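Have a look at the structure below before the remarks.
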Ligand code: NAD
């Protein structure tokens with residue numbers, strides 16, 4: 171069938187298989203053009219089908235030559251419904267890996283569940299023996315724990331409600347959005363979903379099954395961002411969860427000390443992904459950030475970020491280069507003083523009348539549509555495709 175984008179708010183309910191495939195092959199080409207990384211050999215990526223997890227997997231496979239197992243939660247096509255982008259991305263990734271003789275298998279299911287953990291561990295033991303790197307890149311709105319309780323995360327403030335400029339994606343106006351404050355229960359639920367508890371469970375399960383090497387590395391991703399978004403992000407419910415994730419890195423390193431396992435959190439740049447476009451205020455910040463970083467020639471996407479992280483900050487000549495806060499930072503260019511000063515200057519000026527002039531709204535939408543395989547150069551969208 172001919173597949174067209176069907177956008178509803180911050181989500182697109184269709185995905186284009188050829189466009190997704192091309193996205194993946196462009197990311198692979200980018201990595202192949204850079205130098206090889208002498209890094210891990212057998213890598214497990216949890217949350218491997220889109221955004222930072224997919225870029226991590228591509229970097230591991232095509233940058234390090236690693237065998238990869240990816241865990242994802244994506245829908246296959248059914249009837250007239252296309253599959254989700256992660257499904258097409260994963261199929262494209264596996265095909266490209268196979269053509270280069272790289273081992274790549276994926277498990278499509280709920281990474282929070284005990285069953286999927288067991289299935290993945292069995293695959294590791296049968297096919298690879300052990301993994302020497304685990305990337306934890308889940309972004310999920312909910313989590314069901316082993317006792318059957320489902321927790322739902324919230325994007326709210328902690329303490330007082332917060333009012334800030336917001337870009338209404340439907341009509342390109344700027345109005346104030348008020349983000350309400352979360353209840354204690356909502357804060358706790360967000361920590362349950364996006365904190366580090368499940369990361370610790372994965373590491374415990376891998377160690378218990380003897381499926382992880384001595385001195386293995388594990389990494390999870392976080393975001394801090396500018397003071398402007400602190401109430402909704404860094405100091406909000408999601409920030410609480412990220413704080414827990416960071417504490418979990420210490421907990422993992424402590425627990426698995428005997429094996430010498432190292433656990434890190436990398437603070438990444440703000441980018442348009444399915445997770446970030448759902449956060450109020452953030453799309454406007456992103457479109458101003460894109461403009462400033464592009465003008466300065468330092469804009470990066472997920473793949474550039476992940477390649478730089480692995481090449482320079484984890485497997486570089488100086489080893490793992492954590493900053494004084496104990497974390498790795500590839501948000502360093504986003505947080506540069508000159509970048510932030512310009513973004514904040516634009517933020518002060520922006521309103522409905524100058525939005526299209528001051529912000530890189532096109533860049534935002536380009537990334538948004540590309541996530542679903544649309545607006546990708548060289549793809550003929552008038553053709554019938556097998557979904
Ligand atoms: P994303 O939505 O693009 O990717 C999430 C991945 O998790 C997908 O592969 C999805 O299939 C998988 N997933 C979700 N629920 C799952 C489940 N129950 N079981 C198995 N797989 C599941 O998100 P992203 O933006 O790449 O985020 C990844 C991490 O990076 C998050 O921790 C996020 O906070 C962090 N981060 C994102 C940004 C940003 O701007 N996007 C910036 C810094 C850090």
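Numbering (the numbering used here), first residue to last: 171 to 557. Positions of the beta carbon are idealized from the N, C-alpha and C atoms, including for glycine. In this text, all values refer to a predicted model and were calculated from it rather than measured experimentally.
- request: Compare the Cα-Cα distances from residue 222 to each of 471, 339, 333 and report the closest residue.
  value: Residue 222 has its Cα closest to that of 471, out of 471, 339, 333.
Beta carbon nearer than 6 angstroms to a non-hydrogen atom of the ligand NAD: Spelled out in chain order, the answer is 217, 218, 219, 220, 221, 222, 223, 241, 242, 243, 244, 256, 280, 281, 282, 307, 308, 309, 310, 391, 392, 393, 438, 440, 441, 443, 444, 445, 446.
field: Cα-Cα separation, residue 249 to residue 384
entry: Computed Cα separation, rounded: 47 angstroms.
query: In terms of residue numbering, what span does the beta strand (DSSP E) encompassing residue 317 cover?
result: Residue 317 -> no beta strand (DSSP E), and no H or E assigned at all.
field: Residue ranges of each alpha helix (DSSP H) within the segment 463–551, 4 or longer
entry: DSSP runs (the alpha helix (DSSP H)) wholly in the segment 463–551: 472–478, 507–519, 525–528, 531–541.
task: Run the CB neighbour count on residue 523, radius 10 Å, all protein chains shown included, and call it buried at 16 or more, exposed below.
output: By the Cβ neighbour-count rule, residue 523 is exposed, with fewer than 16 other Cβ atoms within 10 Å of its own.
message: Report the CB separation of residue 212 from residue 298 in whole angstroms; it is logged as a contact under 8 angstroms.
response: Yes, they are in contact, since the Cβ atoms of residue 212 and residue 298 sit about 5 angstroms apart, within 8 angstroms.
- request: Take every Cβ of the segment 382–397, pair it with every Cβ of the segment 418–435, and state whether three or more of those distances are shorter than 8 angstroms.
  value: Touching, yes, given that three or more Cβ pairs across the two stretches are closer than 8 angstroms.
message: Please tell me whether residue 542 and residue 260 are closer than 8 angstroms, where the distance is taken between their beta carbons.
response: Not a contact, by the Cβ cut-off of 8 angstroms.
task: Can you tell me the Cβ-Cβ gap for residue 370 and residue 418, rounded? I've got them flagged as a contact below 8 angstroms.
output: With a Cβ gap of about 5 angstroms, residue 370 and residue 418 count as contacting.
field: Residue from 446, 434, 233 with nearest C-alpha to residue 499
entry: Minimum Cα-Cα distance from residue 499 among the listed residues 446, 434, 233 corresponds to 434.
- prompt: In or out: residue 479 buried (at least 16 other Cβ within 10 Å) or exposed?
  reply: With 16 or more neighbouring CB atoms inside 10 Å of its own CB, residue 479 falls in the buried class.
query: What do you get for residue 316, buried or exposed, if any count of 16 or more other CB atoms within 10 angstroms of its CB means buried?
result: An exposed status is given to residue 316, since fewer than 16 other beta-carbon atoms sit within 10 Å of its beta-carbon.
message: Using the three-state DSSP reduction, which class does residue 193 fall into: helix, strand or coil?
response: The DSSP-derived three-state label of residue 193 is helix.
- request: From the DSSP output, in three-state form, read off residue 339 for me.
  value: Look at residue 339 here: in three-state DSSP terms it is coil, with no helix or strand label.
- prompt: Looking only at its own chain, which residues have a Cβ that is under 8 angstroms from the Cβ of residue 312, when we skip the five neighbours before and after it?
  reply: Excluding its 5 nearest sequence neighbours in each direction, residue 312 has C-beta neighbours in its own chain below 8 angstroms: 320, 321, 322, 323, 363, listed in chain order.
message: What would DSSP say about residue 346, mapped onto helix, strand or coil?
response: Strand.
- request: Just confirm the distance between the C-beta atoms of residue 353 and residue 331, as a whole number of angstroms; I'd bet it's less than 8 angstroms.
  value: About 12 angstroms separates the beta carbons of residue 353 and residue 331, which is beyond the 8 angstroms limit, so they are not a contact pair.
- request: Please state whether DSSP places residue 321 in a helix, a strand or coil.
  value: In this structure, residue 321 counts as strand in the three-state DSSP scheme.
task: Can you say whether residue 181 is buried or exposed, counting buried as having 16 or more other CB atoms within 10 angstroms of its CB?
output: Residue environment for residue 181: exposed (fewer than 16 other C-beta atoms within 10 angstroms of its C-beta).
- request: Could you please give the first and the last residue of the uninterrupted beta strand (DSSP E) stretch that includes residue 242?
  value: Residue 242 -> beta strand (DSSP E) spans 237–242.
Under the three-state DSSP convention, the category residue 455 falls into: If DSSP states are grouped into helix, strand and coil, residue 455 belongs with the helices.
Own chain residues within Cβ distance below 7 angstroms of residue 453, not counting five before or after: Around residue 453: 337, 339, 447, 534.
- request: Under 7 angstroms Cβ to Cβ from residue 399, same chain only, skipping five residues before and after it: list those, please.
  value: So the qualifying residues of the chain are 451, 452, 455.
- request: Express the C-alpha separation of residue 275 and residue 264 in angstroms, rounding to a whole number.
  value: Taking the straight line joining both Cα atoms gives about 7 angstroms.
message: The beta strand (DSSP E) that contains residue 214, what's its start and end?
response: Annotation for residue 214: the continuous beta strand (DSSP E) segment containing it runs 212–216.
Which residues DSSP lists as bridging residue 137, in chain order: Nothing can be reported for residue 137, as the shown portion of the chain is limited to 171 through 557.
- request: Classify residue 257 as helix, strand or coil using the three-state DSSP reduction.
  value: DSSP, read as helix, strand or coil, puts residue 257 in helix.
- prompt: Can you name the residues that DSSP bridges to residue 434?
  reply: Residue 434 has 389 as its beta-bridge partners, per DSSP.
query: Run through DSSP, which three-state label would residue 229 get?
result: In the three-state DSSP reduction, residue 229 falls in the helix class (H, G or I).
- request: Kindly identify the DSSP beta-bridge partner or partners of residue 248.
  value: Answer by DSSP bridge pairing, in chain order: 251.
query: Do three or more CB pairs link the segment 513–533 to the segment 461–477 at distances below 8 angstroms?
result: Put simply, the segment 513–533 touches the segment 461–477. At least three CB pairs are less than 8 angstroms apart.
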